Amino acid sequence: MKLKRWFTHLVLLAALTLCGPFEGMAEEKGRPLPGTQTVREGVIIEVVSAGEMVLWTKKGLYPFSLYGLSLPVLSTPEGAEAKRKASDIIFNKLLTVHFLNHGSEKPAGIVMVRGECLNLRLVEDRIARVAEDCRLQPYCRQWQEKQ
């Protein structure tokens with residue numbers, strides 16, 4: 001447990017070193033994508049699995065899952081590869097998460113990294129598929145065309 005806490009502090013220090021202090025960040029930065037409620041800017045400090053992450057902002061930690069995606073289980077080789085690829089794309093980069101609230105405990109988000117949508121990139125790279133229950137939603141329909 002102490003090792004994980006130590007590692008988290010090390011990652012936070014690295015994020016501050018790379019991105020600078022969060023003084024310039026706005027808590028509600030930018031205009032939300034249509035259909036999203038909250039926009040937060042920060043750094044991903046933990047990728048739990050390919051589809052579950054923890055965002056660190058100046059206001060705190062925000063665990064969330066990627067909106068509209070079906071990803072392989074982490075215990076499979078495909079799941080481990082998906083987690084590695086997602087980590088490579090987002091670690092140590094300042095990014096924006098557009099959160100959607102749809103009644104679940106953990107919010108779902110659309111991640112934008114330097115103007116590129118992580119959710120769409122994972123679909124295009126054949127790491128993820130559009131979730132069955134999301135196929136009729138506006139963003140998911142666009143992503144499904146790229147599958």
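Residue numbers (the working numbering): 1 to 147.
The C-beta atom is built at its ideal place from N, Cα and C for all residues, glycine as well.
This structure is a prediction, so every number in the text was calculated from the model and none was measured.
Check: Would you report the Cα separation of V39 and K83, rounded to the nearest angstrom?
Finding: 23 Å
Notebook entry, point to check: By DSSP, does E116 sit in helix, in strand, or in coil?
Noted result: strand
Next item on the list: Could you round the C-beta distance between L95 and V111 to whole angstroms and report it? I think they count as a contact, below 8 Å.
Entry: 6 Å
Next item on the list: Quick one: residues in its chain with C-beta nearer than 7 Å to the C-beta of A15, no 5 flanking neighbours on either side, listed in chain order?
Entry: Residue confidence is low: A15 scores 49 on pLDDT, short of 50, so the model does not pin down where it sits. Its coordinate-derived value is still stated next. Cβ within range, chain order: V43, I45, W56, N92.
Check: Counting along the chain, where does the beta strand (DSSP E) carrying I44 start and finish?
Finding: 38 to 49
Notebook entry, point to check: If you draw a straight line from the C-alpha of K85 to the C-alpha of S65, how long is it?
Noted result: 16 Å
Check: Taking the continuous alpha helix (DSSP H) assigned at G79, which residues delimit it?
Finding: 77 to 90
Margin query: For the alpha helix (DSSP H) containing E145, name the first residue and the last one.
Written below: 138 to 146
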